[in-house]
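S.K.: Sharing a structure below in structure tokens format, with a few things to ask.
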Amino acid sequence: MLQISNNLSIPLSEIDLSAIRSQGAGGQNVNKVATAIHLRFDIMASSLPDRSKERLMNLRDRRITSEGVIVIKSQEHRSQERNRAEALDRLRSLILTTTVIVLPRKLRTPSKGQARRRLEDKKRQSQIKESRKIVE
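With positions in the sequence shown counted from 1, the corresponding number in my numbering is that position plus 13.
Structure (structure tokens):
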């Protein structure tokens with residue numbers, strides 16, 4: 014189970030993990046050992062709540078294909094286990110962004126004390142800058 018939050022988890026059977034060879038420089042190790050991880054997660058076929066599925070599909074993220082499959086490639090580390098953990102952590106953080114509900118900001122007027130302190134600070138800063146001028 015991949016634990017997303019306290020009340021949301023995904024079975025590992027819904028996540029397709031495959032080991033591939035890493036790209037780039039790495040010496041003899043890079044040509045022999047498949048340490049990079051290629052993670053694929055089908056959003057619509059998953060057991061996520063419908064609201065999370067809808068939010069994930071509406072995300073403008075290059076890791077989500079038009080078919081609704083999340084593709085994550087991890088090759089930063091030299092070991093397969095660390096790359097696997099990194100890929101799962103990226104998936105967790107991507108899904109977690111859809112579970113957080115952002116409430117609209119309520120505009121409020123500042124209190125009289127806050128307005129007075131703001132103006133006093135502006136005057137004090139102005140006086141400090143004024144005192145730096147060269148008097149001729």
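Glycine included, C-beta positions come from ideal geometry on N, C-alpha and C.
Remember, predicted model here, so these are calculated numbers, not experimental data.
With which residues is Ile141 paired in a DSSP beta bridge?
M.R.: Bridge partners of Ile141: none, in fact.
S.K.: Below 8 angstroms on the Cβ atoms is my contact criterion, and I expect Ile28 with Ile56 to pass it. Report the Cβ-Cβ distance as a whole number of Å.
M.R.: Their Cβ separation, rounded to whole angstroms, is 12 angstroms, which puts Ile28 and Ile56 out of contact at 8 angstroms.
S.K.: Across which residues does DSSP place His51 in a beta bridge pair?
M.R.: According to DSSP, which records beta bridges pairwise, His51 is partnered with Ser31 and Lys86.
S.K.: Starting from Leu107 and walking both ways along the alpha helix (DSSP H), at which residues does that stretch end?
M.R.: Taken as a continuous stretch (DSSP letters only), the alpha helix (DSSP H) holding Leu107 covers Gln93 to Thr112.
S.K.: List the whole-angstrom C-beta distance separating Leu109 from Ile23, where the pair is believed to meet the contact cut-off of C-beta under 8 angstroms.
M.R.: About 11 angstroms separates the two Cβ atoms, so there is no contact after all.
S.K.: Using the rule of at least 16 other Cβ atoms within 10 Å of the residue's Cβ for burial, across every protein chain shown, is Asn19 buried or exposed?
M.R.: When all chains shown are included, Asn19 counts as exposed.
S.K.: Hey, quick one: how far does the beta strand (DSSP E) through Ser22 stretch, first residue to last?
M.R.: From DSSP, the beta strand (DSSP E) with Ser22 extends over Leu21 to Ile23.
S.K.: Quick check on Gln36: does DSSP put it in helix, strand or coil?
M.R.: Gln36 falls in the coil class under three-state DSSP.
S.K.: Taking 8 angstroms as the threshold (C-beta atoms), are Ala58 and Ile33 in contact?
M.R.: It is not a contact, given that the beta carbons lie outside the stated cut-off.
S.K.: For Ser92, tell me which candidate among Gln140, Leu69 and Val46 has the shortest Cα-Cα distance.
M.R.: Nearest option by C-alpha distance: Val46.
S.K.: Looking at the strands, I want to know which residues DSSP matches up with Gln127.
M.R.: DSSP, once it has assigned bridges, lists no residue as partnering Gln127.
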